[in-house]
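One structure below.
Residue numbers (our numbering): 1088 to 1169.
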């Protein structure tokens, strides 16, 4: 049984943070869209969506932005010109 995503949050990173109900329980858990390990601040189980909202929003506000830019090198510029 696949977990149904209840809410998604757009952080400063590339992946969305998603809250879902753990199958077979009434507890909420948090995961990254597409998988990956969540930070310790987001791990664990939650008993209400309000607590999930507060935890995720606090995490997003303390998160450092990640850069999607790749380093420009002389080699990459010459390849684009060809």
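Heads up, the beta-carbon is just placed ideally off N, CA and C, and yes, glycines get one too.
For residue 1129, which residues from the same chain have a beta carbon less than 8 Å from its beta carbon, with the 5 sequence-adjacent residues on both sides left out? Correct list, in chain order: 1104, 1117, 1142, 1143, 1146.
Determine whether the beta carbon atoms of residue 1120 and residue 1099 lie at a separation below 8 Å. Against a cut-off of 8 Å, the Cβ pair of residue 1099 and residue 1120 comes out as no contact.
What's the gap between the Cα of residue 1126 and the Cα of residue 1150? Straight-line Cα distance between these residues: approximately 11 Å.
Classify residue 1092: buried if its beta carbon has 16 or more other beta carbons within 10 angstroms, exposed otherwise. With fewer than 16 neighbouring CB atoms inside 10 Å of its own CB, residue 1092 falls in the exposed class.
State the CB to CB distance for the pair residue 1133 and residue 1115, rounded to an integer number of angstroms; the pair is presumed to be in contact (CB under 8 Å). The Cβ separation is near 4 Å, so the contact holds.
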